[in-house]
Amino acid sequence: KQEVTQIPAALSVPEGENLVLNCSFTDSAIYNLQWFRQDPGKGLTSLLLIQSSQREQTSGRLNASLDKSSGRSTLYIAASQPGDSATYLCAATTTSGTYKYIFGTGTRLKVLA
Amino acid sequence: NAGVMQNPRHLVRRRGQEARLRCSPMKGHSHVYWYRQLPEEGLKFMVYLQKENIIDESGMPKERFSAEFPKEGPSILRIQQVVRGDSAAYFCASSQQGQSEAFFGQGTRLTVV
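For the record, the sequence lines run as chains A and B.
Residues 1 to 113 (the numbering used here) make up the first sequence, in order.
Residues 1001 to 1113 (the numbering used here) make up the second sequence, in order.
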């Protein structure tokens, strides 16, 4: 059974700092790994999707990597801004079954001005 | 191309009433997933449907919850005789194929009073 864990649960950093969010999964047979952003009381915004054959994806100041062998993904945020404050969720889609997303519990990020 | 549309965005029900949550998938998408996010928790898979078929309902509570995705019209998540513990955000996602990227709606926030 796939389990997804995110560390840390919460993070507070000063503006301008580079930071790394971690996501680990127990079943390496994933179809893809996706990172989302969720603002309080809002829906999910997709940030980056990494397919199982890929090692990383980049979009602007965001870079996500995937290491299936170790069961880990990281989201790197460069030059953080107060507007980056949100909860970041990672989700794995397994190859077995119905491609449903298994979510981590998220990292709550606060970037201080 | 409109995204995944969920309505209502907010729903208040008294204990014992029924709640009906609607999800219109993106155009051309015939796969729908429902997820529930309890307060301060991550998103949990509930059910996966294709047109007129329930494919995986392993995350659905055994009683009071049902889902459908008819040939015409939106997918419906129905909760009968709601209790306070049903208060949560319910998210719908749709995909073109089961293994394609899923796109999420903005969610319906159910409050049971």
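Glycine included, each C-beta is placed from N, C-alpha and C at the ideal position.
Residue from the options whose Cα sits closest to the Cα of residue i
| i | options | result |
| --- | --- | --- |
| A1019/B | P1061/B, V1083/B, V1004/B, E1057/B | V1083/B |
| Q6/A | I102/A, V13/A, A113/A, L112/A | I102/A |
| Q1047/B | R1014/B, V1012/B, F1069/B, E1041/B | Rather than Gln, the amino acid found at residue 1047/B in this sequence is Val. Minimum Cα distance to V1047/B is reached at F1069/B. |
| Q1080/B | A1067/B, A1089/B, G1073/B, A1102/B | A1067/B |
| G71/A | P82/A, A79/A, R61/A, T93/A | T93/A |
| K1/A | L11/A, P8/A, D27/A, S12/A | D27/A |
| A78/A | S59/A, L66/A, P8/A | S59/A |
| D1086/B | G1098/B, P1061/B, I1076/B | P1061/B |
| F1103/B | Q1017/B, V1032/B, N1053/B, R1013/B | V1032/B |
| A113/A | D67/A, V4/A, E3/A, E17/A | E17/A |
| Q81/A | L47/A, V111/A, L62/A, V4/A | V111/A |
| E1040/B | S1094/B, A1089/B, A1093/B | A1089/B |
| L75/A | L109/A, D67/A, S85/A, L62/A | L62/A |
| C1092/B | L1043/B, Q1017/B, V1012/B, R1064/B | L1043/B |
| V1113/B | A1002/B, S1094/B, Q1017/B | Q1017/B |
Cβ separation of residue i and residue j, assumed to be a contact under 8 Å, to the nearest whole Å
| i | j | result |
| --- | --- | --- |
| Q1106/B | Q1006/B | 6 Å |
| S65/A | E56/A | 4 Å |
| P8/A | T107/A | 6 Å |
| Y99/A | Q1096/B | In fact, because the Cβ distance is near 12 Å, the residues do not count as touching under 8 Å. |
| R1125/B | P1074/B | Outside the displayed span of chain B (1001 to 1113) sits residue 1125/B, for which this structure offers no information. |
| K1027/B | K1051/B | Not a contact, Cβ separation roughly 14 Å. |
Cutoff 8 Å: residue i Cβ touching any chain C Cβ
| i | result |
| --- | --- |
| F1091/B | Absent from the structure is chain C; the protein chains it does hold are A and B. |
Taking any Cβ of chain A, which residues in the segment 1069-1082 of chain B have a Cβ under 7 Å from it, in chain order? none
3 or more residues per run - each beta strand (DSSP E) lying fully within the segment 1026-1080 of chain B: 1031-1037, 1043-1050, 1053-1056, 1065-1068, 1075-1079
Given a limit of 7 Å on CB to CB distance, which residues of the segment 1044-1056 of chain B reach chain A? F1045, Y1048, I1055, D1056
I want to know whether the segment 19-36 of chain A touches the segment 86-101 of chain A - three or more CB-CB distances under 8 Å. yes
Taking Cβ-Cβ distances below 9 Å as the criterion, which residues of the segment 89-113 of chain A are in contact with chain B? L89, A91, T93, T95, G97, T98, Y99, K100, Y101, I102, F103, G104, T105, G106
Contact between the segment 41-49 of chain A and the segment 1095-1109 of chain B is defined here as three or more beta-carbon pairs at a separation below 8 Å; is this criterion met? yes
Counting Cβ pairs, one atom from each stretch, are 3 or more of them under 8 Å apart for the segment 5-23 of chain A and the segment 1007-1014 of chain B? no
Runs of 3 residues minimum, wholly inside the segment 26-102 of chain A: which ones carry the beta strand (DSSP E) assignment? 30-38, 44-51, 56-59, 62-67, 72-77, 86-94
Of all the residues that make up the segment 1016-1041 of chain B, which are near chain A by a beta-carbon distance shorter than 7 Å? Y1033, E1041
Interface positions of the segment 41-53 of chain A facing chain B (Cβ-Cβ less than 8 Å), listed along the chain: Those would be G41, K42, G43, L44, S46, L49, in chain order.
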